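Protein chains in written order, with the numbering used here: chain A, 3 to 297; chain B, 3 to 297; chain C, 3 to 297.
So the structure is just underneath, and the comments pick up after that.
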Amino acid sequence: MFGHGSHLLSSKDLTREDLERIFEEAEKMLPYARKEKFGDILAGKVLATLFYEPSTRTRFSFEAAMIRLGGQVISNPEMVITSSAAKGESLKDTGETVSRFADVIAMRHFEAGAVAELAKGSSVPVLNAGDGSADHPTQGLLDAFTIWREFGSLDGLTIGMMGDLKYGRVPHSQYEILSKFGVKFVFIAADGLEMPDKYEGERVKDVSEVISDLDVLAVTRVQKERFDGGEFDYRVDSELLKSAKEKMIVIHPLPRVGELAEEVDADSRAKYFDQITNGVAVRMALLRIVCGYGE
Amino acid sequence: MFGHGSHLLSSKDLTREDLERIFEEAEKMLPYARKEKFGDILAGKVLATLFYEPSTRTRFSFEAAMIRLGGQVISNPEMVITSSAAKGESLKDTGETVSRFADVIAMRHFEAGAVAELAKGSSVPVLNAGDGSADHPTQGLLDAFTIWREFGSLDGLTIGMMGDLKYGRVPHSQYEILSKFGVKFVFIAADGLEMPDKYEGERVKDVSEVISDLDVLAVTRVQKERFDGGEFDYRVDSELLKSAKEKMIVIHPLPRVGELAEEVDADSRAKYFDQITNGVAVRMALLRIVCGYGE
Amino acid sequence: MFGHGSHLLSSKDLTREDLERIFEEAEKMLPYARKEKFGDILAGKVLATLFYEPSTRTRFSFEAAMIRLGGQVISNPEMVITSSAAKGESLKDTGETVSRFADVIAMRHFEAGAVAELAKGSSVPVLNAGDGSADHPTQGLLDAFTIWREFGSLDGLTIGMMGDLKYGRVPHSQYEILSKFGVKFVFIAADGLEMPDKYEGERVKDVSEVISDLDVLAVTRVQKERFDGGEFDYRVDSELLKSAKEKMIVIHPLPRVGELAEEVDADSRAKYFDQITNGVAVRMALLRIVCGYGE
Chain A
3 MFGHGSHLLS SKDLTREDLE RIFEEAEKML PYARKEKFGD ILAGKVLATL
53 FYEPSTRTRF SFEAAMIRLG GQVISNPEMV ITSSAAKGES LKDTGETVSR
103 FADVIAMRHF EAGAVAELAK GSSVPVLNAG DGSADHPTQG LLDAFTIWRE
153 FGSLDGLTIG MMGDLKYGRV PHSQYEILSK FGVKFVFIAA DGLEMPDKYE
203 GERVKDVSEV ISDLDVLAVT RVQKERFDGG EFDYRVDSEL LKSAKEKMIV
253 IHPLPRVGEL AEEVDADSRA KYFDQITNGV AVRMALLRIV CGYGE
Chain B
3 MFGHGSHLLS SKDLTREDLE RIFEEAEKML PYARKEKFGD ILAGKVLATL
53 FYEPSTRTRF SFEAAMIRLG GQVISNPEMV ITSSAAKGES LKDTGETVSR
103 FADVIAMRHF EAGAVAELAK GSSVPVLNAG DGSADHPTQG LLDAFTIWRE
153 FGSLDGLTIG MMGDLKYGRV PHSQYEILSK FGVKFVFIAA DGLEMPDKYE
203 GERVKDVSEV ISDLDVLAVT RVQKERFDGG EFDYRVDSEL LKSAKEKMIV
253 IHPLPRVGEL AEEVDADSRA KYFDQITNGV AVRMALLRIV CGYGE
Chain C
3 MFGHGSHLLS SKDLTREDLE RIFEEAEKML PYARKEKFGD ILAGKVLATL
53 FYEPSTRTRF SFEAAMIRLG GQVISNPEMV ITSSAAKGES LKDTGETVSR
103 FADVIAMRHF EAGAVAELAK GSSVPVLNAG DGSADHPTQG LLDAFTIWRE
153 FGSLDGLTIG MMGDLKYGRV PHSQYEILSK FGVKFVFIAA DGLEMPDKYE
203 GERVKDVSEV ISDLDVLAVT RVQKERFDGG EFDYRVDSEL LKSAKEKMIV
253 IHPLPRVGEL AEEVDADSRA KYFDQITNGV AVRMALLRIV CGYGE
């Protein structure tokens, strides 16, 4: 069971029970994430953010979560260039070292498995803030929490995933988390970017075929170097949303680079900016739980 | 009127009334800026410092101002290299995102207008910490505050500006702020570095001609790549100050690279180090006002 | 005497009396360094960490020390790239500037003497966090504190130093500190990496000759570009430790890159991870003393 002292290394490790507990804790944290309240439950605790790959959004989200519950932060925004990594220290040794300074570690790395490797040496909880193409569990969690909040439950929903479903780590993290519930997946991807076969769901090439069936449209970025556009249209705009359910929601991990038209921002179904606040609440919940303060 | 929730995007936006209020608030903040007192008025507030161009001096000044009033900081010392910028996120989206984490944002950018662009998306106040060659309003403010403190008022003073008056953003910010008061400007610059025509003032090439008339000598750095020295002498030394008024003051935004002789540091007219402390006080005043705690 | 307001620039500056006081203060700080207690004695104080060369370990150690005693931090993880340095500001001016923002400064620089140069301009205490090949006094202090804790005293001990004794700054810092006590040194180094002649001690080439005599084996990294291995074996493993005293200890500043076998970690004589915690305690002691709170 995910709890006091646990690492969060992989989306797969979380059970349905774990997920529901995290959602309930995150719900309680929303007034703090929304800046309506300032907490002190993590006073006296120190978070180390170790980012071997820069990500201002994810790092700030963890740091704001920690600070707004009264904790403190020590931060390395770009570990790649630090001396120990350059000198060839093992990640296990770095884990042992940093865990002597901090009470909890949030780590982003450019290589799959690196976070788990660091956790081997750490005497404090390590939270995976994204490791290579493998996983980004806190992103999957905040996506699932956003859906859970909108619909009150996840069971029975039809979730469309659109974007780079082959190389993107976010769709895979979303799948691992959402598949713990009774959801139906629809994978919408161009040739060459399809969801790998091991993931179960309907596979389509044209979002307009399925848009009216979806409760959630989970969009992710397609890197230009991986896809040249061609016939396939990944763009979500007001025209497309005309065919969608009134209570359908659009989520996206951001940053976006064209796959979401700005005109959609004003649509009440656009939840991608609310997700940022939900992300702070989810990370507050995780910090509380692993530090032993979750109820 | 500049107040609770306002952005500070441009020196031009501030009225004489705004400026006088900021100076009065900054005066009250001096005991905190001088480390004689530690405040708690900004407890529970978080400042995000977004520096797309590194500037330890300006960033530390904002961060010290926030921390010494009880606030907290999340910081990105060099945003250029972060993933979202690299991935092509719009500044407006970055503004919307970061404003979910923080209560106020201080931003430095290498391009004119970038801070205003980010502010479009932000739901919290954005303070311009320098944008390209355009403006550096908090520097202009702290310069004006330094003069205001020395003379008790700005009206009636003769202000000499010397340095790179063409490309430097500091002289332009100083002008926009000081020209709200009844001051007389004297622009002292070599050929090719003159103050643009739209700014009104006397124009001379030799500081020794006017030094005895000045109440303030505002020096700025001349970048070597823009000026090879030639006949023109920008150096302020003890010899030059022999001709200056006893109550005249020398200001400079620092860093200096030769245009102020070290021997001048001991002269009571040298105010450039006191300006650093005044800068913390001004930024404290701004943070208080935009966060709604100014009196 | 090292005390309130002092800089810590060089290992040489500390007397035996200073060192004993630092050890006693550090001992009192251990419950805070071990995260058993959280202090507030440095509440209202701000530490600036200026790292002109990245070192996550040393920076985090100073920052954790400050935060866990209630203080706050402003940080520049990689000053090399900042504008003032690029613009050619003198270190003395940087010192004057940063000392206006902070109550104490910890500085790492790639050049010997740079920390002392910055201290010339600083109105607050400056702690040397490593300057080029010259010195790393807080590392030497935490090594000596680790030994002092294990043996209750330093007098009468035999200290073996093994590694790059010529170019490494750590052995030289260790020597300057430990030589204030009645210790015997044994220098173990390959040809070309010997301890310079001015340091007094026995000189051997083979650790197995002396291992049974040692109370302390102080290992340091040998950079591959300086030594190709050859006949000389720097590796400490379980086999070597069979010949060592039962109460002997192995210390190392970390990171390690092969000179300490992982199998040694489980040996009770391996103290290199405990040193990390001891390093936080030593830096807490230094911060307390220079800020005027040491008893």
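Glycine included, every Cβ here is placed at the ideal spot set by N, Cα and C.
The structure presented is a predicted model; accordingly, all values stated were derived computationally and were not measured.
- A residue is called buried when at least 16 other Cβ atoms come within 10 angstroms of its Cβ; C:S210 does not meet this threshold and is exposed.
- For B:V172, the CB contacts under 6 angstroms within the same chain, skipping 5 residues up- and downstream, are H138, Q141, T222 and P255 in chain order.
- Any Cβ of chain C closer than 9 angstroms to the Cβ of B:F153 would place that residue at the interface, and such an atom is absent.
- In the DSSP assignment, the residues bridged to C:Q74 are C:V48.
- Counting every other CB atom within 10 Å of its CB across the protein chains shown gives A:G90 a total below 16, marking it as exposed.
- Using a CB distance cut-off of 9 angstroms, A:L49 does not count as an interface residue toward chain B.
- Annotation: C:F153 to C:A116 spans about 35 angstroms, alpha carbon to alpha carbon.
- Residues of chain C with a Cβ closer than 7 angstroms to the Cβ of B:S63 are, in chain order, F103.
- The beta carbon of A:K14 sits closer than 6 angstroms to the beta carbons of E178 from its chain, once the five residues preceding and following it are set aside; these are given in chain order.
- For the set A:D157, A:F187 and A:K182, the Cα lying nearest the Cα of A:L167 is the one of A:F187.
- Taking 4 residues as the shortest admissible run, the stretch 197 to 246 of chain C contains the following complete alpha helix (DSSP H) segments, listed from N- to C-terminal end: 209 to 212 and 240 to 243.
- The residue from C:Q225, C:R285, C:L216 and C:L180 with its alpha-carbon nearest to that of C:R271 is C:L216.
- DSSP places B:K273 outside any alpha helix (DSSP H), giving it a letter other than H or E.
- When secondary structure is reduced to three states using DSSP, A:R18 falls in the helix class.
- At a cut-off of 9 angstroms between beta-carbon atoms, B:P173 makes no contact with chain C.
- When only Cα atoms are considered, A:A192 and A:L21 end up about 31 angstroms apart.
- Judged by beta-carbon spacing, B:I278 lies within the 9 angstroms limit of C:T99, meaning their Cβ atoms are closer than that value.
- Measuring C-alpha to C-alpha distances from A:A220 to each of A:E261, A:T96, A:E248 and A:S245 identifies A:E261 as the nearest.
- Using beta-carbon distances, B:L52 counts as an interface residue toward chain A, with a partner under 9 angstroms.
- Contact of A:S77 with chain C is assigned, a C-beta pair being separated by under 9 angstroms.
- Within the same chain, Cβ atoms closer than 8 angstroms to the Cβ of B:D276 are found at T148, the five residues on either side in sequence being excluded.
- Per DSSP, the continuous alpha helix (DSSP H) segment holding B:L144 begins and ends at P139 to F153.
- Taking 9 angstroms as the upper bound on Cβ-Cβ separation, chain B lies near residues L256 of the stretch 232 to 256 of chain A.
- Straight-line spacing of the CA atoms in B:V292 and B:Q225 works out to 34 angstroms.
- Judged by beta-carbon spacing, A:D133 lies within the 9 angstroms limit of A:M109, meaning their Cβ atoms are closer than that value.
- Counting only runs that start and end inside the stretch 94 to 138 of chain B, the beta strand (DSSP E) elements of at least 3 residues fall at 106 to 111 and 128 to 133.
- C:L262 sits in a strand when the DSSP states are folded into three classes.
- Counting along the chain, B:V172 sits inside the alpha helix (DSSP H) bounded by residues R171 to L180.
- For B:F147, the closest Cβ of chain C is not nearer than 9 angstroms.
- CA-CA distance, C:G73 to C:G46, rounds to 6 angstroms.
- Assigned with DSSP and collapsed to three states, B:M3 falls in coil, not helix or strand.
- By the neighbour-count criterion, in which 16 or more other beta carbons inside 10 Å mark a residue as buried, B:T58 falls on the buried side.
- Contact check for A:A35 and A:A283: beta-carbon distance about 4 angstroms, within the 8 angstroms limit, so the pair qualifies.
- Interface annotation, B:T60: not in contact with chain A, CB-CB separation never under 9 angstroms.
- At a C-beta separation below 7 angstroms, A:E98 has these neighbours in chain C: F275.
- For C:R258, the neighbours in chain A by C-beta distance under 8 angstroms run, in chain order, E91 and D95.
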